[in-house]
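Peer 1:
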Amino acid sequence: MAVRDAAAGPLGPGRDEETALFFERAHYRHDPCWLLPVPPRLCLACLLELLPEPCVSLVRKKHVLSCFRDALLRHASLVMQLVAQDQRICIHFVSMLFGLLCNVEGGSVTDLCIEVLIQLTTQLKLEHIIHCLLDECHKELCNMPSMRGSLATLTLLGKLVDAIPPLADKLVMEHSDLMEHLLRGLVYPSEGVQASVCYLYGKLYSSPVAAETLSGHFREKLCPLFLSTLDGAQTKELQINCLGLLRQLLKYDLFVSVIMNKSAMAESTEGVEGPPEKTSLPLVLKKLLLSRDETLQVASTHCITAVLVHSPVKHAPAFIHADIPEFLFEHLSSSSEVLVWSSYSCLILLAEEPLFFSKCHTVYGIESVVRSLQGSLRMNNTELHKQGLLLFAEILTRQPEEIKLFTSSDMCRDAGRALQEAVSSPVLEVAAEAVKAISAFLR
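Counting from 1, one number per residue, gives the positions in the sequence shown under the working numbering.
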């Protein structure tokens with residue numbers, strides 16, 4: 001090993017006291033050039049010899065790695081000089097950390113290995129080191145008989161692409177057969193593995209180049225598996241990572257069309273005997289809207305909005321038939337400003353579709369809008385005021401004359417009072433939206 005070849009003479013005065021002797025029996029052979037010149041004076045050569053040693057306990061290895069991580073955070077440039085002085089050592093260190101990552105069974109040591117590997121690759125900025133790590137990950141996944149031990153490698157890949165976004169294109173172009181292993185992970189009966197796969201997919205599809213390259217992969221293989229995974233997700237981690245991937249996919253018109261077409265096919269076979277083979281996105285998002293988790297409610301509302309912005313006329317009917325407006329109106333009573341604002345935004349887009357009114361959603365929802373508007377005007381949130389007034393104006397403007405909107409004089413009076421309060425707002429933009437709403441109210 002290179003660090004042993006660079007042997008030093010006798011220890012200099014004070015060296016024992018200043019150095020953290022991680023591997024006492026080997027330290028005397030190490031050249032002082034492997035010492036960190038500031039406290040804690042870690043010896044990189046000791047670290048390299050200790051970590052792969054089978055007789056050293058995992059607890060001690062964790063402590064050593066933790067000390068190195070802390071030094072890396074406190075003295076990044078000095079540690080990088082230490083690591084980068086010999087490229088062979090650099091590659092060996094990365095390979096050794098990856099080997100440790102693959103051989104420990106989860107827990108804090110895995111997290112520590114991943115954190116150190118990410119720090120090293122992002123700080124070193126050396127192409128061959130990144131290439132080496134990607135090759136190690138590729139080889140590990142390809143040689144696995146099952147996805148049982150894949151969690152650490154998948155998590156590392158996801159965080160690596162998150163830290164270095166251009167790697168998304170490199171992975172897709174140079175390691176394209178990894179996609180088949182990701183599909184295997186998506187059907188593996190472990191929500192931890194599935195969550196790490198969705199996280200990595202989300203990072204890949206965040207790159208326009210990678211997304212275009214993977215368009216056929218999504219259309220032909222990934223879409224039904226992904227929708228089924230989202231529908232069956234039980235853990236918060238998998239639900240959030242699925243929704244994160246969905247948000248990336250919904251940026252592209254092609255993927256929106258593929259997802260909504262498959263959803264329409266799933267709904268057309270509903271009620272047919274036999275196990276369902278397809279999943280409908282509107283119904284899956286409806287289930288998340290019904291959850292009591294505010295994060296999931298907001299994320300699912302954002303996803304509905306992301307679909308609708310592509311074409312409200314084309315996609316709104318599917319969400320209206322799934323009774324999505326009913327639950328969005330219910331969310332207007334939430335104390336969460338983010339959820340209320342998100343619901344306003346989504347309802348504004350749904351209001352562009354005549355079906356929204358003909359199915360009488362507005363008749364049942366107008367009280368929620370008025371109550372929400374009254375409550376929001378007491379908050380110091382101008383954007384919330386504007387969005388609520390915009391929704392109210394849209395409903396008042398588009399409501400068919402033959403369908404009575406206000407079913408009681410009390411509700412009509414409350415609406416008038418809310419608009420009167422809004423038009424008196426000191427914020428010009430809020431007052432302007434209120435004037436538009438009043439004009440529609442008085443028609």
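The C-beta atom is built at its ideal place from N, Cα and C for all residues, glycine as well.
1) Under DSSP, the alpha helix (DSSP H) around Gln-478 begins and ends at which residues?
2) Helix, strand or coil for Gln-123, going by three-state DSSP, please let me know.
3) Would you tell me roughly how many angstroms separate the C-alpha atoms of Val-109 and Val-209, rounded to the nearest one?
4) Who are the Cβ neighbours of Val-427 in its own chain at under 6 Å, not counting the five residues just before and after it?
5) Does DSSP put Cys-346 in a helix, in a strand, or in coil?
6) For Ala-437 and Glu-337, I'd like the C-alpha separation in whole angstroms.
7) Around the Cβ of Asn-261, are there at least 16 other Cβ atoms within 10 angstroms (buried) or fewer (exposed)?
8) For Gly-12, which residues in the same chain have their Cβ closer than 6 Å to its Cβ, ignoring the five residues on either side in sequence?
9) By a C-beta neighbour count over all protein chains shown, 10 Å radius and 16 as the cutoff for buried, is Gln-399 buried or exposed?
10) Distance cutoff 8 Å, beta carbons only. Does Leu-112 sit that close to anything in chain C?
11) Helix, strand or coil: which one does DSSP assign to Leu-100?
12) What residue range is occupied by the uninterrupted alpha helix (DSSP H) comprising Asp-70?
13) When burial is assigned at 16 or more other CB atoms within 10 Å of the CB, is Asp-231 buried or exposed?
14) Please classify Gln-234: is it buried, with 16 or more other beta-carbons within 10 angstroms of its beta-carbon, or exposed?
15) Given a cut-off of 8 Å, decide if Thr-153 and Cys-102 are closer than it, judged by their beta-carbon atoms.
16) In three-state terms, what does DSSP make of Leu-405?
17) Do the CB positions of Asp-410 and Gln-374 come within less than 8 Å of each other?
18) From the DSSP output, in three-state form, read off His-310 for me.
19) How long is the line joining the alpha carbons of Leu-442 and Val-369, rounded to whole angstroms?
20) My assumption, with CB atoms under 8 Å, is that Ile-129 sits in contact with Ile-91. Please give the rounded CB distance.
21) Is there contact between the region 242 to 252 and the region 192 to 208, where contact requires at least three CB pairs shorter than 8 Å?
22) First and last residue of the alpha helix (DSSP H) that includes Ile-164?
23) Quick one: what's Cys-113 bridged to in DSSP?
24) Quick check on Asn-241: buried or exposed, where buried means 16 or more other Cβ atoms within 10 Å of its Cβ?
25) So what does DSSP say about Leu-389, is it helix, strand or coil?
26) In three-state terms, what does DSSP make of Cys-223?
27) Would you identify the three-state DSSP class for Arg-88, choosing helix, strand or coil?
28) Rounded to the nearest angstrom, what separates Tyr-188 and Val-79 at their Cα positions?
29) Taking 8 Å as the threshold, find out whether the region 175 to 184 comes into contact with the region 135 to 152 through three or more Cβ pairs.
30) In whole angstroms, what separates the C-alpha of Ser-425 from that of Ala-431?
31) By Cβ distance, which residues of its chain are closer than 7 Å to Ser-333, with the 5 residues on each side in sequence left out?
32) How long is the line joining the alpha carbons of Leu-44 and Gly-158, rounded to whole angstroms?
33) Of the residues Asp-111, Pro-166, Glu-191, Lys-125, which one's Cα is nearest the Cα of Leu-156?
34) Would you decide whether Gly-185 is buried or exposed? Buried here means 16 or more other CB atoms lie within 10 Å of its CB.
35) So what does DSSP say about Arg-413, is it helix, strand or coil?
Peer 2: Here's the rundown:
1) This structure cannot settle anything about residue 478, because the visible part of the chain is limited to 1 through 443.
2) Mapped onto the sequence shown, residue 123 falls at position 123. The answer is helix: DSSP assigns Gln-123 an H, G or I state.
3) For the purposes of this step, residue 109 is identified with residue 109 of the sequence shown, where counting begins at 1. For the purposes of this step, residue 209 is identified with residue 209 of the sequence shown, where counting begins at 1. The straight-line gap separating the alpha-carbon atoms of Val-109 and Val-209 is approximately 35 Å.
4) Here residue 427 is taken as the residue at index 427 of the sequence shown, counted from 1. Excluding sequence neighbours, Val-427 sits near Thr-382.
5) Here residue 346 is taken as the residue at index 346 of the sequence shown, counted from 1. Cys-346 falls in the helix class under three-state DSSP.
6) On the sequence shown, position 437 is the one that residue 437 refers to. On the sequence shown, position 337 is the one that residue 337 refers to. Roughly 21 Å separates the two Cα atoms.
7) In the sequence shown, counting from the first residue as 1, residue 261 sits at position 261. Residue environment analysis places Asn-261 among the exposed positions, since fewer than 16 neighbouring C-beta atoms fall within 10 angstroms of its C-beta.
8) In the sequence shown, the residue the question calls residue 12 occupies position 12. No answer about Gly-12 holds up, because its pLDDT of 40 lies below 50 and its placement is not dependable.
9) Reading the sequence shown from its first residue, position 399 is the one you call residue 399. By the beta-carbon neighbour count (other beta carbons within 10 angstroms, threshold 16), Gln-399 is buried.
10) Of the protein chains in the structure, only one exists, and it is not chain C.
11) Reading the sequence shown from its first residue, position 100 is the one you call residue 100. Leu-100: helix per DSSP, three-state reduction.
12) Taking the sequence shown and counting its residues from 1, one reaches residue 70 at position 70. Run containing Asp-70: 58 to 74, per the alpha helix (DSSP H) assignment.
13) Position 231 of the sequence shown holds residue 231. Under a 10 Å Cβ-count criterion, Asp-231 is classified as buried, with 16 or more other Cβ atoms of the shown protein chains found around its own Cβ.
14) Here the question's residue 234 lines up with position 234 in the sequence shown. Gln-234 is exposed by the Cβ-count criterion.
15) In the sequence shown, the residue the question calls residue 102 occupies position 102. In the sequence shown, the residue the question calls residue 153 occupies position 153. Result yes, Cβ atoms of Cys-102 and Thr-153 sit closer than 8 Å.
16) Counting from 1 along the sequence shown, the entry for residue 405 is found at position 405. Three-state DSSP puts Leu-405 in coil, outside helix and strand.
17) Against the sequence shown, residue 410 aligns to sequence position 410. Against the sequence shown, residue 374 aligns to sequence position 374. No, these two residues do not count as a Cβ contact at 8 Å.
18) Here residue 310 refers to the residue found at position 310 when the sequence shown is read from its first residue. Coil.
19) Here residue 442 corresponds to residue number 442 of the sequence shown, with the count starting at 1. Here residue 369 corresponds to residue number 369 of the sequence shown, with the count starting at 1. Taking C-alpha positions only, Leu-442 is separated from Val-369 by approximately 17 Å.
20) For the purposes of this step, residue 129 is taken as residue 129 along the sequence shown, with counting starting at 1. For the purposes of this step, residue 91 is taken as residue 91 along the sequence shown, with counting starting at 1. Contact holds; Cβ gap of about 7 Å.
21) The answer is yes - the region 192 to 208 touches the region 242 to 252, with three or more Cβ pairs under 8 Å.
22) For this step, residue 164 is matched to residue 164 along the sequence shown. No alpha helix (DSSP H) holds Ile-164; DSSP gives it neither H nor E.
23) Along the sequence shown, one-based indexing puts residue 113 at 113. Beta-bridge annotation (DSSP): Cys-113 is not paired with any residue.
24) The residue given as residue 241 occupies position 241 in the sequence shown. Around the beta-carbon of Asn-241, 16 or more other beta-carbon atoms lie within 10 Å, marking it buried.
25) Position 389 of the sequence shown, counting from 1, holds the residue named residue 389. Helix.
26) Taking the first residue of the sequence shown as position 1, residue 223 is located at position 223. The three-state secondary structure of Cys-223, taken from DSSP, is helix.
27) For the purposes of this step, residue 88 is identified with residue 88 of the sequence shown, where counting begins at 1. Here DSSP, grouped into helix, strand and coil, assigns Arg-88 to helix.
28) Position 188 of the sequence shown holds residue 188. Position 79 of the sequence shown holds residue 79. Looking at the two C-alpha atoms, the distance is approximately 39 Å.
29) Yes: at least three Cβ pairs fall under 8 Å.
30) Your numbering for residue 425 matches position 425 in the sequence shown. Your numbering for residue 431 matches position 431 in the sequence shown. Going by the C-alpha atoms only, they are around 6 Å apart.
31) Locating residue 333 in the sequence shown gives position 333, where the first residue counts as 1. Here the set comprises Ser-368, Arg-371, Ser-372.
32) If you number the sequence shown from 1, residue 44 lands on position 44. If you number the sequence shown from 1, residue 158 lands on position 158. CA-to-CA, the gap between Leu-44 and Gly-158 works out to about 27 Å.
33) Within the sequence shown, numbered from 1, the residue matching residue 156 stands at position 156. Comparing Cα positions, the closest option is Asp-111.
34) Working through the sequence shown from its first residue, we reach residue 185 at position 185. Buried is the label assigned to Gly-185, since at least 16 other Cβ atoms lie within 10 Å of its Cβ.
35) Here residue 413 refers to the residue found at position 413 of the sequence shown. Arg-413: helix per DSSP, three-state reduction.
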